[in-house]
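S.K.:
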Amino acid sequence: MANEEDDPIIQEIDVFLARSLLEKLYLFQYPIRPASMTYDDVTHLSAKIKPKQQKVELEMAIDTLNPNYCRSKGEQIALNVDGTCTDETSTYSSKLMDKQTFCSSQAASNVSRYAAAVYKKGELHLTPLHGILQLRPSFTYLDKADAKHREREAANEGGDSSQDEAEDDVKQITVRFSRPETEQARQRRVQSYEFLQKRQAEEHWVHLHYYGLKDSRSEHERQYLFSQGHGLAENTELIKSPSEYLMMLMPPSVEEENDKPMAPSNVLSMAQLRTLPLADQIKILMKNVKVMPFANLLSLLGSGTDATAVLRCVQQVALLVQGNWVVKSDVLYPKDTSSPHSGVPAEVLCRGRDFVMWKFTQDRWVVRKEVAAVTKLCPEDVKDFLEHMSVARINKGWEFMLPYDEDFVKKHPDIVQRQQMLWMGIQAKLEKVYNLLKEHLTPKKQEAQSAHPLLVSGEQRVNMAKAKVKQNYGQLEKEFQKQKAEMKSNDASARTDVPNIRIKEEPVSVEEPMDTSAHEGLNNGLVNGLHTAQGSMDPVNGHLPGGCIDRVAQELKAFVSSTFKKQFVLTLSELKRLFNLHLASLPPGHTLFSGISDKMLQDMVLDTGCKQILVPFPPQTAASPDELKVYALWEAGDTYDQHRQVLLEIFSKNYRVRRNVIQNQLSQECGEDLNKQEVDRVLKVSFCPLW
Numbered sequence: 116m117a118n119e120e121d122d123p124i125i126q127e128i129d130v131f132l133a134r135s136l137l138e139k140l141y142l143f144q145y146p147i148r149p150a151s152m153t154y155d156d157v158t159h160l161s162a163k164i165k166p167k168q169q170k171v172e173l174e175m176a177i178d179t180l181n182p183n184y185c186r187s188k189g190e191q192i193a194l195n196v197d198g199t200c201t202d203e204t205s206t207y208s209s210k211l212m213d214k215q216t217f218c219s220s221q222a223a224s225n226v227s228r229y230a231a232a233v234y235k236k237g238e239l240h241l242t243p244l245h246g247i248l249q250l251r252p253s254f255t256y257l258d259k260a261d262a263k264h265r266e267r268e269a270a271n272e273g274g275d276s277s278q279d280e281a282e283d284d285v286k287q288i289t290v291r292f293s294r295p296e297t298e299q300a301r302q303r304r305v306q307s308y309e310f311l312q313k314r315q316a317e318e319h320w321v322h323l324h325y326y327g328l329k330d331s332r333s334e335h336e337r338q339y340l341f342s343q344g345h346g347l348a349e350n351t352e353l354i355k356s357p358s359e360y361l362m363m364l365m366p367p368s369v370e371e372e373n374d375k376p377m378a379p380s381n382v383l384s385m386a387q388l389r390t391l392p393l394a395d396q397i398k399i400l401m402k403n404v405k406v407m408p409f410a411n412l413l414s415l416l417g418s419g420t421d422a423t424a425v426l427r428c429v430q431q432v433a434l435l436v437q438g439n440w441v442v443k444s445d446v447l448y449p450k451d452t453s454s455p456h457s458g459v460p461a462e463v464l465c466r467g468r469d470f471v472m473w474k475f476t477q478d479r480w481v482v483r484k485e486v487a488a489v490t491k492l493c494p495e496d497v498k499d500f501l502e503h504m505s506v507a508r509i510n511k512g513w514e515f516m517l518p519y520d521e522d523f524v525k526k527h528p529d530i531v532q533r534q535q536m537l538w539m540g541i542q543a544k545l546e547k548v549y550n551l552l553k554e555h556l557t558p559k560k561q562e563a564q565s566a567h568p569l570l571v572s573g574e575q576r577v578n579m580a581k582a583k584v585k586q587n588y589g590q591l592e593k594e595f596q597k598q599k600a601e602m603k604s605n606d607a608s609a610r611t612d613v614p615n616i617r618i619k620e621e622p623v624s625v626e627e628p629m630d631t632s633a634h635e636g637l638n639n640g641l642v643n644g645l646h647t648a649q650g651s652m653d654p655v656n657g658h659l660p661g662g663c664i665d666r667v668a669q670e671l672k673a674f675v676s677s678t679f680k681k682q683f684v685l686t687l688s689e690l691k692r693l694f695n696l697h698l699a700s701l702p703p704g705h706t707l708f709s710g711i712s713d714k715m716l717q718d719m720v721l722d723t724g725c726k727q728i729l730v731p732f733p734p735q736t737a738a739s740p741d742e743l744k745v746y747a748l749w750e751a752g753d754t755y756d757q758h759r760q761v762l763l764e765i766f767s768k769n770y771r772v773r774r775n776v777i778q779n780q781l782s783q784e785c786g787e788d789l790n791k792q793e794v795d796r797v798l799k800v801s802f803c804p805l806w
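Reading the sequence shown from the start, the letters are residues 116 to 806 in our numbering.
(1) Taking C-alpha atoms, which residue in N195, S333 and T490 lies nearest to E546?
(2) Please list, in chain order, all residues of the same chain as Q727 whose beta carbon is under 6 Å from its beta carbon, the five residues on each side excluded.
(3) Which residue spans inside the region 306-347 form an unbroken alpha helix (DSSP H) run of at least 4?
(4) Taking buried to mean at least 16 other C-beta atoms within 10 Å of its own C-beta, is C725 buried or exposed?
(5) Tell me which same chain residues have a C-beta within less than 7 Å of the C-beta of W473, skipping the five on either side of it?
(6) Using DSSP bridges, identify the partner residues of K163.
(7) Which residue from T736, A673 and V761 puts its Cα closest to that of T723?
(8) Suppose the cutoff is 8 Å on Cβ atoms and the five residues either side in sequence are ignored; what does the same chain contact list for A738 look like?
(9) Which residue comes first and which comes last in the alpha helix (DSSP H) that contains C465?
(10) Secondary structure at W749, three-state DSSP: helix, strand or coil?
(11) Just to check my reading of the structure: Q534 and L434 have Cβ atoms closer than 8 Å, yes? What is that Cβ distance to the nearest angstrom?
(12) Could you check where the beta strand (DSSP E) with L142 kicks off and where it finishes?
(13) Confirm, please, whether the CB-CB distance from K443 to V432 is below 8 Å.
(14) What separation, rounded to the nearest whole angstrom, lies between the Cα atoms of L58 and R427?
(15) What does a CB cutoff of less than 7 Å around L798 pick up in its chain, not counting 5 residues either side in sequence?
(16) Measure the alpha-carbon distance for L183 versus R251 and round it to whole angstroms.
(17) When the Cα atoms are used, what is the spatial distance from Q191 to A316?
(18) In or out: D499 buried (at least 16 other Cβ within 10 Å) or exposed?
(19) Give me, in chain order, the residues of the same chain whose beta-carbon lies closer than 7 Å to that of Q215; leave out the 5 immediate sequence neighbours on both sides.
(20) Quick one: any contact between the region 512-523 and the region 480-489, if contact means 3 or more CB pairs under 8 Å?
(21) With 16 as the cutoff for other CB atoms within 10 Å, does R759 come out buried or exposed?
(22) Of all the options A262, A231 and D741, which has the alpha carbon lying nearest to the alpha carbon of T686?
(23) Output the residue ranges of the beta strand (DSSP E) runs that lie fully inside the region 706-752 and measure 3 residues or longer, sorted by chain position.
(24) Just list the alpha helix (DSSP H) runs in the region 416-463, keeping only unbroken ones of 4 residues or longer that don't cross its boundaries, in chain order.
(25) Is it the case that the region 238-246 contacts the region 132-150, given that we only count it when at least three CB pairs across the two stretches are under 8 Å?
(26) Whole angstroms are fine: how far does the CA of T206 sit from the CA of Y229?
(27) Roughly how many whole angstroms lie between the Cα atoms of P357 and D129?
(28) Helix, strand or coil for C493, going by three-state DSSP, please let me know.
(29) Can you check whether the CB of V425 is closer than 8 Å to the CB of I399?
(30) Please classify A262: does DSSP put it in a helix, a strand, or coil?
(31) Opposite E238 in the DSSP bridges: which residues?
(32) Three or more C-beta pairs closer than 8 Å, one from the region 219-234 and one from the region 159-174: is that the case here?
(33) By a C-beta neighbour count over all protein chains shown, 10 Å radius and 16 as the cutoff for buried, is A193 buried or exposed?
(34) So, for F393: in the same chain, excluding its five sequence neighbours on each side, which residues have a beta-carbon less than 8 Å away from its beta-carbon?
(35) According to the Cβ coordinates, are L551 and N439 closer than 8 Å?
(36) Using a Cβ-Cβ cutoff of less than 8 Å, which residues in the same chain neighbour E372 once the five nearest sequence positions on both sides are dropped?
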């Protein structure tokens, strides 16, 4: 209050808003010049403007008679620009720099707070400015002087090399055809500095007529700076409250608003999140986290949330991978979007990411090069897919980031089964799109086929089997004694019933029983070579009744002999497949249904005159152990026995051999000069599709 009393109001001035020159009034800011040479001393020769760019160019005459003007420098500049000759294209026709060009640039991007004021008879008239332009000297004449200098130098050099004109007439021209421009390349080109400069240069100049300060037209235009009507109806903008009037005079700056720190668009507080519907909460969480166990998802949604409702909602935005939920690809890459790295559409990105997710349903490890080779996507996109759900391990590949959630799989088997059916459908689509090969569909490791993805060594597996046998030994012994007592009391016809429990007293060995699960469709109800409905030759406690052992050995030897006479070289895996086919063709109750182990089959192969060929396969091979065991018939009694033995000796040293090496070795060992056709015949007769 004391300050207001010391500074009393002396006069009140009415303020009026003039609209006649609205969006037409510009403020020009000229450069500072010496006081002895003001702008009143010069004459505007011409003016032109580019309205869209708000760019103005003025050409002003310089007073060459002014004592501040240096005549010698003016003559030197004119000589450098135009040279000695003068014509219509000369910049300075008087051979003296008698004019100067000024080019404008915008002084401020936002001029809404600026106005031009005129005070007259106790009234202040305001006209808003449409633009503020700063005029600066243009030195394009120096560029013209440099161009003239280069032309003169080129002319001098051309005169010296006149003897080579005939040779320079013929020049080689390289023709290049431009490729179709992509949308991404077009956007980069449009935003480039070169394109913007070219676009600005394409706008035509609009020539203006300049009126002096004391011209009658200027006096007439200056009258528009005053408000045409003083009625309050025409100045309603000024009838505001003090706060509104202050806001109109000083509006908040757009630049200041942009400087305010803003939270990222993907950040949402938990309080705001829980105000949304449950489906939206789950979608936002999965989109940000990407991979999450079900227990963690429930904890983030808060206590009291219905787990059944969460399960129903999460299946709409995520898929089950190794017991954990991974957000769906179409949630991360919506329709009509594209990759920020390569510009690939969202549909292609979703297929590539689905392939990565499907690979993690088969194995804990994924190789980046394999994914890139199948999906044909750029490395940056593939890396984004893998970083969403896995962690890179040196010299191993990418491992799924979360451990297998066994608790969820046990508690919700119906959900797991439904998700497996979904993955089967996705796999079928991926097979059609990517033409997946067998190695892509088959896991590299047996552990990946099981529900639990942990890696277990062979020694650990044997110890686990021994512990399980000890645990169940008591129960099995009781049931066996019961079965034995029933067999003694029953007559001979009752021996056709198949016991539920069979114990084979074979010595503990690393060899496992023959695996026939891969050929269940060919066994017609066989379980490890045994019919479930009938089986008169059942082994009990490892012994066959009567003289069945000899008959089984004879039948097995006959099968092995006939098989190796047809195919001289076989792997154990192929031999087991052929044996299962043979069992499927036999009638029920045959002696071979007594149960043939891998060891019995291999021993019989060696007894029939075959030998095991230790082929040195590479350590990194993906073949199974049964595929690495190779057996060959050493003597078949035909003319190719010697040739076959030489071939087997060759392949026992190297698993891959060139044809010329085989030809030379056969010629040396057999003493025959074999040509290419004879070598091909020997390979066709003795060779196996193994190599």
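Glycine is no exception: its CB is placed at the ideal position from the N, C-alpha and C atoms.
M.R.: This is what the structure gives:
(1) Taking the first residue of the sequence shown as position 1, residue 546 is located at position 431. Comparing Cα-Cα distances from E546 to each of N195, S333 and T490, the minimum goes to T490.
(2) Indexing the sequence shown from 1 puts residue 727 at position 612. Only Y746 meet the Cβ criterion.
(3) 308-317 and 331-337
(4) For this step, residue 725 is matched to residue 610 along the sequence shown. With 16 or more other Cβ atoms within 10 Å, it is buried.
(5) To locate residue 473, count along the sequence shown from 1; it is residue 358. By the criterion of a C-beta distance shorter than 7 Å, W473 is surrounded in its chain by W538, I541, Q542 and L545, once the five residues flanking it on both sides are discounted.
(6) Along the sequence shown, read from residue 1 onward, the residue named residue 163 stands at position 48. Paired residues: E172 and H322.
(7) Within the sequence shown, residue 723 is the residue found at index 608, counting from 1. Among T736, A673 and V761, the Cα nearest to that of T723 belongs to A673.
(8) Counting from one through the sequence shown, the residue named residue 738 turns up at place 623. For A738, where only same-chain residues beyond five positions count, the Cβ hits under 8 Å are F732.
(9) Along the sequence shown, read from residue 1 onward, the residue named residue 465 stands at position 350. Counting along the chain, the alpha helix (DSSP H) containing C465 begins and ends at A461 to Q477.
(10) On the sequence shown, residue 749 is found 634 positions in, with the first residue counted as 1. Three-state DSSP puts W749 in coil, outside helix and strand.
(11) For the purposes of this step, residue 534 is taken as the residue at position 419 of the sequence shown. For the purposes of this step, residue 434 is taken as the residue at position 319 of the sequence shown. Indeed, because the Cβ distance is near 7 Å, the residues count as touching under 8 Å.
(12) Here residue 142 refers to the residue found at position 27 when the sequence shown is read from its first residue. From DSSP, the beta strand (DSSP E) with L142 extends over Y141 to Q144.
(13) In the sequence shown, residue 432 corresponds to position 317, counting from 1. In the sequence shown, residue 443 corresponds to position 328, counting from 1. Cβ distance < 8 Å, so V432 and K443 count as in contact.
(14) Summary: the structure shown does not reach residue 58, with the chain confined to residues 116 through 806, and so no result is reported for it.
(15) Counted from its first residue, the sequence shown places residue 798 at position 683. Within the same chain, L798 has no close Cβ partners at all.
(16) For the purposes of this step, residue 183 is identified with residue 68 of the sequence shown, where counting begins at 1. For the purposes of this step, residue 251 is identified with residue 136 of the sequence shown, where counting begins at 1. Looking at the sequence shown, residue 183 is not Leu but Asn. The straight-line gap from Cα to Cα measures roughly 20 Å.
(17) Position 76 of the sequence shown, counted from the start, is the residue given in the question as residue 191. Position 201 of the sequence shown, counted from the start, is the residue given in the question as residue 316. Rounded to whole angstroms, Q191 to A316 spans 31 Å at the Cα level.
(18) To locate residue 499, count along the sequence shown from 1; it is residue 384. With 16 or more other Cβ atoms within 10 Å, it is buried.
(19) Along the sequence shown, read from residue 1 onward, the residue named residue 215 stands at position 100. Once the five neighbours on either side are set aside, the close Cβ partners of Q215 are M175, I177 and P252.
(20) These segments touch.
(21) Indexing the sequence shown from 1 puts residue 759 at position 644. Its Cβ being crowded by 16 or more others within 10 Å, R759 is buried.
(22) By 1-based counting over the sequence shown, the position of residue 686 is 571. Comparing Cα-Cα distances from T686 to each of A262, A231 and D741, the minimum goes to D741.
(23) 725-728 and 745-748
(24) 422-432 and 444-447
(25) yes
(26) For this step, residue 229 is matched to residue 114 along the sequence shown. For this step, residue 206 is matched to residue 91 along the sequence shown. Near 38 Å, if we compare the C-alpha coordinates of T206 and Y229.
(27) Here residue 357 refers to the residue found at position 242 when the sequence shown is read from its first residue. Here residue 129 refers to the residue found at position 14 when the sequence shown is read from its first residue. About 15 Å.
(28) Residue mapping note: residue 493 aligns to position 378 of the sequence shown, counting from 1. C493 falls in the coil class under three-state DSSP.
(29) Sequence index remark: in the sequence shown, residue 399 carries index 284 (1-based). Sequence index remark: in the sequence shown, residue 425 carries index 310 (1-based). No, the pair does not count as a contact, with Cβ atoms beyond the cut-off.
(30) Residue numbering aside, residue 262 sits at position 147 when the sequence shown is read from its first letter. Three-state result, A262: helix.
(31) Stepping through the sequence shown from its first residue, residue 238 is reached at position 123. Bridge partners of E238: D129 and K235.
(32) These segments touch.
(33) Residue numbering aside, residue 193 sits at position 78 when the sequence shown is read from its first letter. So A193 counts as buried.
(34) In the sequence shown, counting from the first residue as 1, residue 393 sits at position 278. Sequence inspection shows Leu at residue 393; the Phe mentioned does not correspond to that position. Taken in chain order, the residues that qualify are L416, T420, A424, V425 and C428.
(35) One-based indexing of the sequence shown puts residue 551 at position 436. One-based indexing of the sequence shown puts residue 439 at position 324. Contact: no.
(36) On the sequence shown, residue 372 is found 257 positions in, with the first residue counted as 1. Note that E372 scores a pLDDT of 45, beneath 50, so its modelled location is shaky; the value from the coordinates is reported in the next line. Contacts found: none.
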